């Protein structure tokens with residue numbers, strides 16, 4: 027990935043056909059050692075292609091990759107008469123917590139005093 031990023035940076039910078047040496051120079055400037063085998067493979071695969079062609083080719087490959095989604099349905103609703111009582115108790119607890127938080131906010135001084 028870093029080899030490809032360096033290649034694309036060089037192309038965007040005006041180098042229409044970056045060499046392996048150019049890519050190594052960019053990578054070494056940021057303290058990364060280039061892998062010669064991967065670099066040679068990258069150069070052979072992108073040789074003679076424009077950035078637009080590479081992006082189009084990559085996009086078509088990514089379109090075939092499953093992207094998850096379609097997760098399971100949500101949990102079912104609780105049955106029985108205890109649900110409304112539990113909800114009411116929960117609301118009371120929330121109100122108590124809110125009141126407590128509000129009283130702690132001031133503490134006798136303001137942020138911009």
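Numbering (the working numbering), first residue to last: 27 to 139. Glycine included, C-beta positions come from ideal geometry on N, C-alpha and C. Just so we're clear, the structure is a prediction, and the values are computed from it rather than from any experiment.
Review point. Which term fits residue 68, buried or exposed, when burial requires 16 or more other beta carbons within 10 angstroms of its beta carbon?
Key: buried
Check your understanding: With distances taken from CA atoms, which of 92, 94, 91 and 28 is nearest residue 57?
Key -> 28
Point to revise | Coil, strand or helix - residue 75 by DSSP | key: coil
Review point. Are the region 78-95 and the region 38-58 touching by the rule of at least three beta carbon pairs closer than 8 angstroms?
Key: no
Check your understanding: Among residues of its own chain, excluding the 5 on either side of residue 35, which ones have a beta-carbon nearer than 8 angstroms to its beta-carbon?
Key -> 52
Point to revise | Opening and closing residue of the alpha helix (DSSP H) in which residue 42 lies | key: Unbroken run through residue 42: none, as it is neither H nor E.
Practice item. Please state if the CB of residue 66 and the CB of residue 46 are separated by a distance shorter than 8 angstroms. Key: yes
**Study point:** Residue from 72, 49 and 76 whose Cα sits closest to the Cα of residue 61
**Key:** 49
Point to revise | Reference residue 38, options 83, 71 and 78, closest by Cα | key: 78
Review point. How many angstroms separate the CA atom of residue 93 from the CA atom of residue 76?
Key: Near 27 angstroms, if we compare the C-alpha coordinates of residue 76 and residue 93.
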